[in-house]
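> After the structure tokens below, expect a handful of questions from me.
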Amino acid sequence: MDFEQLRAFYTLAQTKNFTKAAEMLHLVQSTVTMRIKQLEEKVGKPLFIRDKRSVEITQAGLTLLPYAERILKLSHEALSEVASLQPYEDYLSIGSLNAIWTSTLEPILKEYHYRYPQIAISTKTGHSSDVIQYLLDNVIQIGIVYVPPSLPNFEVIPTWDDEIVLVCCPHSSFAQSTHVDSRELRNLPLLYMNWGPPFNEWIRQTLPRNYVPKLTVDKAELAIDLIKEGLGVSLLTRSAVKSELAAGTLKELPITGNKPPKRSAYIVLPKDKKNKPSVEKWLSLMSELGYSTT
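The numbers in UniProt numbering rise by one with no breaks, and the one at position 283 of the sequence shown is 283.
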């Protein structure tokens, strides 16, 4: 498909007005009309319903829209990626979750940056599903996720296991406890973080079926701040609370009975990118720092 036709289609879908679309694209209106008509001829279906007052996108247009958006986004990122190489010898793009960046990958990234100044680096952050999509779209060369995909032509490497621990404010009444039985979690003010399928299964086995957390959060940093303010306790990965436990601003409450499963992290990368020098250097550095890369 022609990029200019897709750009005209995407802009018209956003504005629903030929005049506004032409202004945004710095084109005359007849050119926008021609490009939409040419694209409709290629797909074999009308993409818009036009009348004197409005422009409405058709079902065929709605189907095409997310693909057009991704194609245009990828073309922009590809040009930016190539431009970013100058004056560098190579580049590396890595995607992961916010929690993994802050708890584990940040020091690795810093060391890589200092050790290989001739390699340009970019990072992407999102949920595991976002990171996998970045890999499929060739936006990144390495993804590090908690939920491993099952994809052809991709290598999935278990790299580390992270404990899930119960933590509280050291000045709270809970801090006096030497341990907490897993069956007693239902009686605690739990700030709930969803740590994925194995953890969810453990929660279902541990808490009553009708249990509803008082407060659910989706960022470990937010949970940590709320715990410090005395709002409750939370089940967080040890890597996420390592510095707070060492500093004494959080306290671990050992769990007895049915303990939570460990949280596994995985390196995901295209098989044809594993021998790329910048990728090899990243994997070698992770191995040097004690993480599994094979």
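Think of the CB as a built atom: it goes at the ideal place given N, C-alpha and C, for glycine as much as any other residue.
Hey, could you find the ends of the alpha helix (DSSP H) R7 is sitting in?
First-last of the alpha helix (DSSP H) with R7: 3-15.
> What is the rounded straight-line gap between the Cα of L166 and the Cα of V156?
Computed Cα separation, rounded: 29 Å.
> How long is the line joining the alpha carbons of R7 and L25, rounded to whole angstroms?
About 8 Å.
> Can you tell me the Cβ-Cβ gap for K262 and E163, rounded? I've got them flagged as a contact below 8 Å.
With a Cβ gap of about 6 Å, K262 and E163 count as contacting.
> With distances taken from CA atoms, which of T159, L245, A240, V32 is nearest T294?
Looking at the Cα atoms, T159 is the closest of the given residues.
> Could you check where the beta strand (DSSP E) with Y91 kicks off and where it finishes?
Taken as a continuous stretch (DSSP letters only), the beta strand (DSSP E) holding Y91 covers 90-96.
> Going straight from the alpha carbon of Y146 to that of L269, what length do you get?
Roughly 14 Å between the two C-alpha positions.
> Helix, strand or coil: which one does DSSP assign to I49?
Three-state result, I49: strand.
> Measure the C-alpha to C-alpha separation of K73 and F3 and round it to an integer number of angstroms.
Going from the Cα of K73 to the Cα of F3 covers about 11 Å.
> For a test of the three-state rule: what should DSSP assign to R263, helix, strand or coil?
Correct three-state label for R263: strand.
> Do V233 and F174 have their beta-carbon atoms positioned less than 8 Å apart in this structure?
It is a contact, given that the beta carbons lie within the stated cut-off.
> DSSP three-state call for L27: helix, strand or coil?
DSSP places L27 in coil when its eight states are reduced to three.
> Classify R53: buried if its beta carbon has 16 or more other beta carbons within 10 angstroms, exposed otherwise.
Counting Cβ neighbours within 10 Å, R53 comes out exposed, since fewer than 16 surround it.
> Going by Cα to Cα distance, which pick from K219, E229, P189 is closest to Y211?
Measuring from the Cα of Y211, the nearest candidate turns out to be P189.
> Are three or more beta carbon pairs between the region 223-241 and the region 193-208 nearer than 8 Å?
Enough Cβ pairs lie closer than 8 Å, so yes.
> Exposed or buried, V139, counting other C-beta atoms within 10 Å across all chains shown (16 or more means buried)?
With 16 or more other Cβ atoms within 10 Å, it is buried.
> Taking all protein chains shown into account, do 16 or more other C-beta atoms lie within 10 angstroms of the C-beta of A246, making it buried, or fewer, making it exposed?
It counts as exposed.
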